[in-house]
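Numbering (our numbering), first residue to last: 11 to 799.
Note that the Cβ used here is the ideal one computed from N, Cα and C, for glycine as well.
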Amino acid sequence: MHSLFSDIQYGFRMLWKYKIVSIIAIITLALGIGANSTIFSVVNEVLLRPLPYETPEQLVFISEKSSQLDNMSVAYPNFLDWRSKNTVFQQIGVFRSQSYSLTNNGEPEQITGAMSSLDVFLALRVNPIIGRGFLPEEDKPGANRVVLLSYGFWQQKFAGQSDVLGKAVIMNGQSYIIIGIMPQSFQFPSYKTQVWIPVGLNASEPGWERENHPGLYGVARLKSAITMAQAQSEMATIAAQLEQQYPKANPDNKVAIKSLYERAVGEVRAPLLLLLASVGTVLLIACANVANLMLAKAASRNKEIAIRAVLGANRVRIVRQLLTESLMLALVGGGLGLLLASWGISAIINFPGLEKIPRMLDVKVDSQVLVFTFVLSCVTGIVFGLVPALQATRLDLNESLKESGRTTTGSYHQQKLRSFLIVAEITFTLILLISSGLFIKSFIKLQKVETGFKSDNVLIATISLPKTKYPENEQRVAFYQQLLANISNIPGVESVAASSRLPLQSSGNQTVFSLEGFPLDNANLPLTEFTIVSPSYFNTLGLRLLKGRVFTEQDTKDSLQVIIIDERFAKRYWPNQDPIGKRVKGGSRESEDPWMEIVGVVGNIRYDELTSDNNLIQMYRPYYQNPFGRINLAVKTIGDPLAYTKAIRSQVLALDKEQPIYDVKAMSQLLDSTIAPEKLVFILLGLFALVALVLASVGIYGVISYSVSQRTHEIGVRMALGAQPQQVMEMMIKQGMALALIGIALGLLGAFAFTRVITSLLYEVSATDPSIFILSAIFLALVSLLACY
Numbered sequence: 011m012h013s014l015f016s017d018i019q020y021g022f023r024m025l026w027k028y029k030i031v032s033i034i035a036i037i038t039l040a041l042g043i044g045a046n047s048t049i050f051s052v053v054n055e056v057l058l059r060p061l062p063y064e065t066p067e068q069l070v071f072i073s074e075k076s077s078q079l080d081n082m083s084v085a086y087p088n089f090l091d092w093r094s095k096n097t098v099f100q101q102i103g104v105f106r107s108q109s110y111s112l113t114n115n116g117e118p119e120q121i122t123g124a125m126s127s128l129d130v131f132l133a134l135r136v137n138p139i140i141g142r143g144f145l146p147e148e149d150k151p152g153a154n155r156v157v158l159l160s161y162g163f164w165q166q167k168f169a170g171q172s173d174v175l176g177k178a179v180i181m182n183g184q185s186y187i188i189i190g191i192m193p194q195s196f197q198f199p200s201y202k203t204q205v206w207i208p209v210g211l212n213a214s215e216p217g218w219e220r221e222n223h224p225g226l227y228g229v230a231r232l233k234s235a236i237t238m239a240q241a242q243s244e245m246a247t248i249a250a251q252l253e254q255q256y257p258k259a260n261p262d263n264k265v266a267i268k269s270l271y272e273r274a275v276g277e278v279r280a281p282l283l284l285l286l287a288s289v290g291t292v293l294l295i296a297c298a299n300v301a302n303l304m305l306a307k308a309a310s311r312n313k314e315i316a317i318r319a320v321l322g323a324n325r326v327r328i329v330r331q332l333l334t335e336s337l338m339l340a341l342v343g344g345g346l347g348l349l350l351a352s353w354g355i356s357a358i359i360n361f362p363g364l365e366k367i368p369r370m371l372d373v374k375v376d377s378q379v380l381v382f383t384f385v386l387s388c389v390t391g392i393v394f395g396l397v398p399a400l401q402a403t404r405l406d407l408n409e410s411l412k413e414s415g416r417t418t419t420g421s422y423h424q425q426k427l428r429s430f431l432i433v434a435e436i437t438f439t440l441i442l443l444i445s446s447g448l449f450i451k452s453f454i455k456l457q458k459v460e461t462g463f464k465s466d467n468v469l470i471a472t473i474s475l476p477k478t479k480y481p482e483n484e485q486r487v488a489f490y491q492q493l494l495a496n497i498s499n500i501p502g503v504e505s506v507a508a509s510s511r512l513p514l515q516s517s518g519n520q521t522v523f524s525l526e527g528f529p530l531d532n533a534n535l536p537l538t539e540f541t542i543v544s545p546s547y548f549n550t551l552g553l554r555l556l557k558g559r560v561f562t563e564q565d566t567k568d569s570l571q572v573i574i575i576d577e578r579f580a581k582r583y584w585p586n587q588d589p590i591g592k593r594v595k596g597g598s599r600e601s602e603d604p605w606m607e608i609v610g611v612v613g614n615i616r617y618d619e620l621t622s623d624n625n626l627i628q629m630y631r632p633y634y635q636n637p638f639g640r641i642n643l644a645v646k647t648i649g650d651p652l653a654y655t656k657a658i659r660s661q662v663l664a665l666d667k668e669q670p671i672y673d674v675k676a677m678s679q680l681l682d683s684t685i686a687p688e689k690l691v692f693i694l695l696g697l698f699a700l701v702a703l704v705l706a707s708v709g710i711y712g713v714i715s716y717s718v719s720q721r722t723h724e725i726g727v728r729m730a731l732g733a734q735p736q737q738v739m740e741m742m743i744k745q746g747m748a749l750a751l752i753g754i755a756l757g758l759l760g761a762f763a764f765t766r767v768i769t770s771l772l773y774e775v776s777a778t779d780p781s782i783f784i785l786s787a788i789f790l791a792l793v794s795l796l797a798c799y
């Protein structure tokens, strides 16, 4: 122990003596370790940490699927049959996210809640911390209305009062009795959920019949001896039985089961692992750079090390001393890196648009991150310190002790090792540069995607009229007609529209359909998405009218049933004909739905995220023929759309003082949020590539600088014999560029292999794009040339 303290004390003196080298090494390590700790914090919270439930590996997510859709919501009667017939689940329940208008007191507020069956809480093994959960008799139509509150909602609205049980909250105009408070950590189905009500209360409403899929999804807990494959097999059998029993409602409908964990993190795993691999590469480059610094410092300490050896210190003792110094550097660098990581984590979790990534908002520097950083610092210290320490102790003592000795027997080996490290740095740097270049090109292409609509100066907001207050279609139509008229009169508003959904949101309503005159098989009817819109929708969002007309105020329930289709729809079924006047019907030709006449064709529009296109054809139906309670407002303005928020809200409250609007934002913000994860990956990869480039440049500069200092005598002799300065410079540059070109060649090979792994993350860019490979190699060669010069 005494010798260890002596090593530490001596190490501090050496770090202070070579303080410039120490500072450079600490900063280099802080960048590498800090970046790794930042990304590890995200990966640990999002990917590595198990779901916060008892035996989470038993939890599965359940949906339906058909020949047209892989991920379809669940019909409630089907769920009831699944629950009664299955033998593979301990519990199986369904849930659906739902917005509610809260009107207890003060200004009305829209809150996020969930309809959930009793079985969901049983499957998740979560109980209220205060009060009780749902009772079986409360999860049925006509039951008493009860509600569970989230911990945050309880604190915010009731100040954490212990006597909250039995009090009422008014949501959508109806009174719900508070029966329990859920744990602070419970965030199901999302972190936004504030209240839960029994799903069975709505089971008797229109739209919950077996033929419909009202946005419900299932969660279940497998029995302990049951595998997912066994569960899938039994549920497939049950689905087949239901198809035979209800052929019209379940035509070829199947059951899809996946782990709840996979459902939560499946889409973000690949990008996060890519970032983790990238920061690991940056740390390797940092280690190579610091190892080169240690080799240079060790060369200047040859005489000191030789004297210690002559005085009796064996090689192990000297290596331990040098490793102690390396570990001290790494730990100081790790401490500074931890500070950088805390800043980095704060920047990432506040990056706009990342809220939808599960558990992203919970990322923090916790005990696991502290342990990771400490272990990483120790390993890093050993990695960059061990080889230089071993090289430094390979001395010819006689040569090292000579005052006139200009080199050592170890310098040749050290120079080879330094050259190897530089080649490795250049190799890894080029791989990062190429990967970053591919993502930059992908991101640029993503920003140029033709959306089919105009987002400039458009404000969007959502309004949801409760059925309890507006039970009749005529009431809802009257409210929205008056609201749109009032908003259009606000100075600076150019146009205003209402729709069932907006572009770049999740998939809308979908239906199978029949075409008049087409012999379609009723068992495999085609699928279309449909959006219900007000007449001004197309003008407000700038959709191109290709043929026919748009909707008018005269398209009401008493007039001819009409639709507008998109260009893709028209080309698929009438490629060489005019579709105007053709008729379409929802469901089979034998269904009771009315025929709808096509009156217009508009351009294709992106309703899914920019990175994906479900290739579904689109149909538009007029709002006045298909009224509903929840609408999205789109308001085109002169100037900043957010400046009109207060005026629009006041118009809503003027019509109904208990009606809130929510999700208010500029359409451009919605557009930006859809590519937020790709933008973050692009920024971070670019940043890591830049750090790697700087480190590699400094590294190759250091090698040439050190080589020049070691060959000063040789250079002097060459010049005395007639060599010109230009010739000497060319000789040294060739030495450095030879290393760089070897590294570039290896980097191209490595990138060719690595980028194939990230193909799925790129948008319309080849993983082996020759322009990116060539430009990255040329750029790195020029930077290396500049460093050598």
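Quick one: what does DSSP say residue i is sitting in, helix, strand or coil?
{"i": "Asn302", "result": "helix"}
{"i": "Pro138", "result": "coil"}
{"i": "Ala791", "result": "helix"}
{"i": "Lys675", "result": "strand"}
{"i": "Phe50", "result": "helix"}
{"i": "Glu607", "result": "strand"}
{"i": "Glu413", "result": "Since pLDDT at Glu413 reaches only 47, below the 50 mark, its modelled position is unreliable, and no value is offered."}
{"i": "Phe540", "result": "strand"}
{"i": "Leu796", "result": "helix"}
{"i": "Ile558", "result": "Before going on, a small fix: residue 558 reads as Gly here, not Ile. Reduced to three states, the DSSP call for Gly558 is strand."}
{"i": "Thr383", "result": "helix"}
{"i": "Glu4", "result": "As shown, the chain starts at 11 and ends at 799. That puts residue 4 outside it, with no answer to give."}
{"i": "Lys366", "result": "coil"}
{"i": "Leu643", "result": "strand"}
{"i": "Ile714", "result": "helix"}
{"i": "Asn499", "result": "coil"}
{"i": "Leu61", "result": "coil"}
Taking DSSP's pairing of strands, which residues face residue i in a bridge?
{"i": "Lys150", "result": "Paired residue(s): none; Lys150 is not in a bridge."}
{"i": "Tyr186", "result": "Val179"}
{"i": "Tyr773", "result": "Tyr773 is not bridged to any residue."}
{"i": "Ile575", "result": "Val611 and Met629"}
{"i": "Lys595", "result": "Ser524"}
{"i": "Ile784", "result": "According to DSSP, Ile784 bridges with nothing at all."}
{"i": "Met125", "result": "Arg106 and Ile207"}
{"i": "Ser505", "result": "Lys646"}
Report, in whole angstroms, the separation of the C-beta atoms of residue i and residue j, which I expect to be a contact under 8 angstroms.
{"i": "Glu74", "j": "Asn263", "result": "5 angstroms"}
{"i": "Glu55", "j": "Arg369", "result": "5 angstroms"}
{"i": "Tyr634", "j": "Thr566", "result": "5 angstroms"}
{"i": "Thr383", "j": "Gly347", "result": "7 angstroms"}
{"i": "Arg578", "j": "Pro513", "result": "Rounded, the Cβ-Cβ distance is 15 angstroms, inconsistent with contact."}
{"i": "Leu537", "j": "Gln520", "result": "6 angstroms"}
{"i": "Pro632", "j": "Arg486", "result": "Not quite, the Cβ-Cβ distance comes to about 14 angstroms (not below 8 angstroms), so this is no contact."}
{"i": "Val209", "j": "Ser127", "result": "5 angstroms"}
{"i": "Val503", "j": "Thr647", "result": "6 angstroms"}
{"i": "Tyr490", "j": "Ile641", "result": "6 angstroms"}
- Considering only residues of the segment 70-120, which uninterrupted beta strand (DSSP E) runs meet the minimum length of 3 residues and lie entirely inside it, listed in chain order? 99-112
- Continuous beta strand (DSSP E) assignments of at least 3 residues falling wholly in the segment 429-471: none
- Count the CB pairs spanning the segment 246-255 and the segment 193-213 that are closer than 8 angstroms, and state whether there are at least three. no
- Message: When you compare the segment 33-47 with the segment 340-356, are there three or more beta-carbon pairs, one atom per stretch, that lie closer than 8 angstroms?
- Response: yes
- Enumerate, from N- to C-terminal direction, the unbroken alpha helix (DSSP H) stretches of 4 or more residues contained entirely within the segment 251-291. 270-275
- Query: Three or more C-beta pairs closer than 8 angstroms, one from the segment 683-697 and one from the segment 351-366: is that the case here?
  - Reply: yes
- Item | Secondary structure, beta strand (DSSP E): runs of 3+ residues fully inside the segment 728-755 | none
- Query: Taking the runs of the beta strand (DSSP E) that are 3 residues or longer, which of them lie wholly in the segment 184-253?
  - Reply: 184-191, 205-208 and 227-232
- Item | the segment 780-788 / the segment 460-479 touching (three or more Cβ pairs under 8 angstroms) | no
- Message: Count Cβ pairs between the segment 689-709 and the segment 497-510 that sit closer than 8 angstroms; are there 3 or more?
- Response: no
- What are the uninterrupted segments assigned as alpha helix (DSSP H) that are 4 or more residues long and contained completely in the segment 653-708, given in chain order? 655-665 and 677-684
- Item | Cβ contact check for the segment 92-99 and the segment 230-238: 3 or more pairs under 8 angstroms | yes
- Message: Between the segment 423-442 and the segment 594-610, can you find at least three pairs of beta-carbon atoms closer than 8 angstroms?
- Response: no
- Item | the segment 165-181 in contact with the segment 44-62 per 3-pair CB rule at 8 angstroms | no
- Query: Are at least three pairs of beta-carbons, each pair with one atom in the segment 436-447 and one in the segment 748-766, less than 8 angstroms apart?
  - Reply: yes
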